[in-house]
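First residue of the sequence shown? That's 58 in our numbering, and the numbers climb one at a time after it.
Glycine included, C-beta positions come from ideal geometry on N, C-alpha and C.
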Amino acid sequence: MGKTTGFKEFEQKAEPYREVSERLLDFKELYTPHDDEHLQTQGARCMDCGVPFCQSNNGCPSSNLIPEWNDLVYKGRWREALDRLHKTNNFPEFTGRVCPAPCEGACVLGITDLPVTIKNIENAIIDRGFDSGWVVAQPPAQRTGKKVAVVGSGPSGLAAAAQLNRAGHQVTVFERADRIGGLLMYGIPNMKLDKQVVDRRINLLREEGIEFQVNADIGKNVDIKTLIDNHDALLLATGATEARDLPIPNREGPGVHLAMEFLTLNTKSLLDSNHKDGQYISAKDKDVIVIGGGDTGTDCIGTALRHGCKSLVNFELLPHPPAERAANNPWPLYPRIHRVDYGHAEVAEKFGDDPRVYSIMSQEFLRDTDNNLTGIKTINVDDKLQPVAGSEKTWKADLIFLSMGFLRPEHYLNESLGLDLDDRGNFTADKLNFRTSVPKVYAAADCRRGQDLVVRAINEGREAAREIDRDLMGNTQLP
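What follows is the structure, given as structure tokens:
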């Protein structure tokens with residue numbers, strides 16, 4: 058695929074972000090306009106590698122036809138590239154922006170060189186598709202008469218709804234928030250995923266016949282048994298929204314917040330009033346500490362910087378990762394190496410250094426006599442995560458955000474159903490058919506398997522839709 062000798066002729070060059078000094082002044086997307094010639098050159102680097110591990114299990118969970126659309130971009134056949142992209146991914150405009158690109162980690166070229174910039178090319182294809190008017194609503198030619206409810210409007214719920222609607226079923230998506238999109242709307246900040254991009258796709262799904270209900274909190278203001286009785290099938294795609302907390306002394310009180318509380322309120326206030334309503338946690342002129350890494354931690358860093366924080370530190374429990382793959386992390390596994398994400402680069406430019414402190418464990422939040430947060434006490438840990446005697450330290454902080462991952466789905470919607478749970482508290486559902494222990498009820502993605510990537514959520518939503526369609530109709534034509 059690509060140019061036969063392209064991988065030897067051209068070096069990897071990713072599309073740049075906007076300049077830090079510019080992008081810190083707003084919540085607009087990080088990305089610069091696509092350059093067709095540049096992307097065609099990068100597409101030319103895709104090898105005729107025989108076995109494309111980029112679309113294998115270690116690469117893309119959706120089995121995207123990556124070499125095919127790389128080749129088509131190299132040849133300037135963008136419309137055909139878009140068709141290939143949509144064969145396996147309902148929402149490439151989401152994954153092209155927020156996916157950590159395990160496909161690039163599994164790229165065969167990555168064994169000896171830097172991998173193909175797959176994520177950039179994917180994002181450019183779908184953006185060109187929308188700009189050119191190629192992405193349009195495609196309602197089904199006929200209806201089956203079957204009704205399906207989808208609980209949760211994140212990437213998995215939307216993907217399942219899109220596929221079930223395509224099969225001709227009448228689909229209603231229920232969302233407890235005031236806007237559709239779940240994690241895509243309120244969990245990922247605008248600079249990574251502009252909400253107009255989310256709304257654009259949701260409007261297409263509406264045009265195709267999917268119904269959406271907001272402020273519908275199943276198990277609270279909507280009875281789930283009634284929902285089941287009124288539908289032929291119900292899919293739970295609620296995500297794994299119970300966050301991991303940090304139960305150390307003085308946890309209760311102002312100043313310590315879960316990451317999603319911070320990010321959700323920020324985006325809602327931004328969309329509602331451009332932050333004029335003040336209904337968000339402001340980091341302006343505050344000493345901020347983010348505990349935990351990953352994408353969510355980086356998003357907290359980027360958001361606090363845009364508020365105008367006074368200082369920012371990021372605690373990481375694990376040791377500093379290596380610059381290159383370790384012996385126990387061979388290709389094509391996702392490379393666990395040191396990376397500088399957008400937030401880290403922004404802190405380095407604004408404050409002069411990378412914000413991350415590794416091998417550090419939090420011991421106690423510090424508060425004054427009025428219970429106001431003043432800081433946190435920590436201790437260093439060794440490679441086995443054991444405390445290092447004499448390494449205690451006190452850090453000043455006005456705000457601390459906890460970004461340590463998610464444990465399981467919230468269970469209140471299950472109180473009246475009594476779904477079986479696995480040993481981690483996820484809704485038990487067989488990967489082969491996505492059925493739960495309750496008839497007509499299915500579960501997919503994070504609420505079934507635990508916290509994972511957006512691309513895997515989309516893939517599980519598609520797979521669950523296929524099995525629901527099979528159960529409803531006796532067979533299925535869904536991929």
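Check: So, is T355 buried or exposed, given that buried needs 16 or more other C-beta atoms within 10 angstroms?; Outcome: buried
Check: Can you list the beta strand (DSSP E) stretches of 3 or more residues lying completely in the segment 221-302, in chain order?; Outcome: 227-231, 268-270, 290-293
Check: Count the other CB atoms within 10 Å of the CB of T61; is the residue buried (16 or more) or exposed (fewer)?; Outcome: exposed
Check: Quick one, which of G432, A384, N371 has its alpha-carbon nearest D410's?; Outcome: N371
Check: Can you look up H314 in the DSSP assignment and give me helix, strand or coil?; Outcome: strand
Check: Going residue by residue through the segment 388-417, where are the continuous alpha helix (DSSP H) segments of at least 4 residues, counting only ones entirely within it?; Outcome: 399-408
Check: From what residue to what residue does the beta strand (DSSP E) around F458 run?; Outcome: 456-459
Check: For G359, does the count of other Cβ atoms within 10 angstroms reach 16, so buried, or fall short, so exposed?; Outcome: buried
Check: If you run the structure through DSSP and keep just helix, strand and coil, what is L382?; Outcome: The residue you asked about is not Leu; residue 382 is Arg in the sequence shown. Coil at R382, not helix or strand.
Check: Can you list, in chain order, the residues of its chain with a C-beta nearer than 6 Å to that of S368? Leave out the 5 residues immediately preceding and following it.; Outcome: D344
Check: Whole angstroms is fine: what's the gap from E137's alpha carbon to L129's?; Outcome: 7 Å
Check: Under a CB-based cut-off of 7 Å, is R301 close to chain B?; Outcome: In summary, chain B is missing from the structure at hand, where a single protein chain is found.
Check: So, is T526 buried or exposed, given that buried needs 16 or more other C-beta atoms within 10 angstroms?; Outcome: Per the sequence presented here, residue 526 reads as Asp, with Thr not at that position. Flag for D526 reads buried.
Check: With a threshold of 8 Å, are at least 3 pairs of Cβ atoms found where one atom belongs to the segment 220-238 and the other to the segment 193-207?; Outcome: yes
Check: For Q336, which residues from the same chain have a beta carbon less than 6 Å from its beta carbon, with the 5 sequence-adjacent residues on both sides left out?; Outcome: S326
Check: Is the CB-CB distance between E501 and S120 below 7 Å?; Outcome: Per the sequence presented here, residue 501 reads as Ala, with Glu not at that position. The answer is no: Cβ separation not under 7 Å.
Check: Tell me whether G100 sits in a helix, a strand or coil according to DSSP, three-state version.; Outcome: helix
Check: If you count every other CB in all the chains shown that lies within 10 Å of the CB of K488, and 16 or more means buried, which is it?; Outcome: exposed
Check: Return the first residue and the last residue of the alpha helix (DSSP H) that I178 is part of.; Outcome: 175-188
Check: Do A340 and H364 have their beta-carbon atoms positioned less than 7 Å apart in this structure?; Outcome: yes
Check: With distances taken from CA atoms, which of S189, A101, D477, S78 is nearest F67?; Outcome: A101
Check: Based on the DSSP output, what are the partners of R363 in its beta bridges?; Outcome: Per DSSP, none; premise fails for R363.
Check: Classify I348 as helix, strand or coil using the three-state DSSP reduction.; Outcome: strand
Check: Grab me the residues of Q508's own chain with a C-beta within less than 7 Å of its C-beta, minus the 5 sequence neighbours each way, in chain order.; Outcome: A297, G462, F463
Check: Could you give the C-beta distance for I275 and F319, rounded to a whole number, given that I count them as a contact under 8 Å?; Outcome: Going by Cβ atoms, the distance from I275 to F319 rounds to 25 Å, so no, they are not a contact pair.
Check: For N177, is the beta carbon positioned less than 6 Å from some heavy atom of the ligand ADP?; Outcome: Judged by which ligands are present, the structure shown has none, so any question about the ligand ADP falls away.
Check: What three-state label does DSSP hand T145 in the structure shown?; Outcome: helix
Check: Please classify S460 as buried or exposed, where buried requires at least 16 other C-beta atoms within 10 Å of its C-beta.; Outcome: buried
Check: Output needed for Y131: all residues of its chain with C-beta closer than 6 Å, excluding positions within five of it in sequence on either side, in chain order.; Outcome: G59, Q97, G100, A101
Check: With a floor of 3 residues, list each beta strand (DSSP E) that falls wholly inside the segment 418-458, ordered by position along the chain.; Outcome: 430-437, 450-453
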